[in-house]
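Here the first sequence stands for residues 5 to 378, where the numbers follow our numbering. Ideal placement from N, C-alpha and C gives every residue a C-beta, glycine not left out. Here is the structure we will look at.
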Amino acid sequence: MTWPSSATLLAPLAPWFDGNRRELPWRAADLDAAHPDPYAVLVSELMLQQTQVATVLPYFTRWMDRWPTVEALAAASDEEVHKAWEGLGYYRRARLLHAGAKRIAGEGWPSDLAGLRGIPGLGDYTAAALAAQAFQQPEAALDGNAFRVLARLLGLEGDPRPRARELRDWLRPALAALGPSRLTQALMELGATVCAPLPRCGGCPVADRCAALRLEATGRIPPARPRAQPATSEFWLAAVEAEDRWLLAEPAGQGLLAGLWRWPSTPLPETGADAAAEPIGTYAAAELSAWPSWTQVYTHRRERVHPLRIRLQEGFDAPAGFAWTDPGRLGELPMGRRDSRLRELLPQPGAAPLLPVPLGLLLGGLRRGGSPSP
DNA sequence: AAGGCGTGGGC
DNA sequence: TGCCCAAGCCT
């Protein structure tokens with residue numbers, strides 16, 4: 005089918021956005037000029053990948069306060085970058101942003117979309133978002149919001165993402181006519197606040213021309229994406245203390261919780277396994293206590309976490325991949341939510357464990373240099 | 001190219 | 001409680 009002209013169809017979005025936009029710290033006041041701080045846009049875009057605005061706001065403010073320029077970020081250490089990202093999730097973004105800042109600090113900003121696309125962490129969407137919002141180039145940034153808005157307006161059945169090239173070509177005249185930065189942000193803002201998965205069409209400036217609304221198909225367009233719900237597995241998560249130091253797994257280079265410090269952990273033994281009965285032996289735990297468990301949800305895993313504190317009378321050499329850590333440094337280490345949650349529990353009194361603790365398994369594995377598990 | 005990668009909010 | 005989703009990217 006033939007679509008109407010993008011500039012005509014989307015024209016009401018420009019005045020709507022000028023009158024309804026949220027004030028966000030990375031947004032330029034003047035939407036018709038080049039952005040005064042492309043670095044701010046870069047930081048915000050990386051933080052906003054798969055993350056809601058409300059979650060990002062405090063992180064963004066702290067980040068820009070600490071590293072106000074791309075050069076400042078380039079000079080930061082990996083550990084402090086991860087610490088500043090702590091709790092935000094998808095930590096690879098922090099490493100990619102750090103790497104991207106180093107490149108930009110050394111080589112300057114790329115002048116076009118292809119150059120931006122080559123910066124670590126910038127995919128099709130983010131590179132175009134930067135080109136449009138920071139540099140006023142008529143590049144179409146299609147994120148989940150834009151895909152949803154355009155799919156509904158045009159009445160596209162099925163997943164709109166495979167039609168990205170087609171949609172970008174169609175969108176280009178409207179970007180030039182309405183302003184690249186303005187239209188890019190208007191599309192996303194409309195998707196985030198009005199044309200949400202559950203839409204509020206009463207407040208929509210383009211409801212009069214929306215194919216999905218006309219067809220009463222906003223519930224079907226775009227279609228929801230199927231997701232697998234993995235089974236839950238159970239783990240002990242152990243704060244092991246000896247001679248006033250804590251045993252921690254050092255950051256891994258890849259995989260779940262890469263770049264972050266973790267407490268030792270081990271799966272709960274199968275019911276009836278011998279491990280639970282294994283003697284503590286020479287480890288001589290002076291104190292053993294537990295806190296209530298919780299369910300830790302990741303994208304592709306669910307863990308039932310049983311937090312535990314073990315104080316030993318004597319230490320032992322940290323196995324490969326582990327390190328004994330001074331209490332004063334504990335708070336400086338970047339951790340994921342699971343591990344920071346146990347760190348926060350430490351000052352609180354625990355109780356006697358309700359489940360049999362496989363101390364032999366856990367400590368034996370550690371003493372033999374078992375690989376750190378996430 | 002399908003799956004891995006975190007966390008919190010809304011309903 | 002459980003399920004869906006969120007300004008995606010990388011391999």
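- Glu245: not part of any alpha helix (DSSP H); member of the beta strand (DSSP E) spanning Thr236 to Ala246, first to last residue.
- Between Ala105 and Pro184, the CB-CB gap reaches or exceeds 7 Å.
- Secondary structure of Val309 (DSSP, three-state): strand.
- Around the beta carbon of Gln317, fewer than 16 other beta carbons sit within 10 angstroms, so the residue counts as exposed.
- For the pair of segments examined, the segment 353–360 was found not to touch the segment 255–270: the number of CB pairs separated by less than 8 Å stays below three.
- According to the DSSP assignment, Gln300 belongs to the beta strand (DSSP E) that extends over Trp298 to Val301.
- Cβ neighbours of Trp295 within its own chain (closer than 6 Å, five residues either side excluded): Pro311, Leu349 and Gly354.
- Excluding the 5 residues flanking it on each side, Asp147 has same chain C-beta neighbours closer than 7 Å at Tyr129 and Met192, in chain order.
- Looking at the backbone, the Cα of Pro273 and that of Pro362 are separated by about 7 Å.
- The segment 229–244 and the segment 25–44 do not touch, with fewer than three beta-carbon pairs separated by less than 8 Å.
- Trp89 sits buried, since 16 or more C-beta atoms from the chains shown fall within 10 Å of its C-beta.
- As a beta-bridge residue in DSSP terms, Ala327 pairs with Leu252.
- Val85 is positioned such that its CB atom lies closer than 7 Å to that of Ala98.
- Taking each of Ser293, Val47 and Gln141 in turn and checking the Cα distance to Leu28, the smallest one comes out for Val47.
- With a threshold of 16 other beta carbon atoms within 10 Å, Leu219 falls short and is exposed.
- Thr329 and Gln140 have their alpha carbons spaced roughly 49 Å apart.
- Taking C-alpha positions only, Pro164 is separated from Ile225 by approximately 9 Å.
- Rounded to the nearest angstrom, the gap between the Cα atoms of Cys208 and Gln54 is 24 Å.
- Looking at the DSSP output, Pro164 sits in no beta bridge, so it has no partner there.
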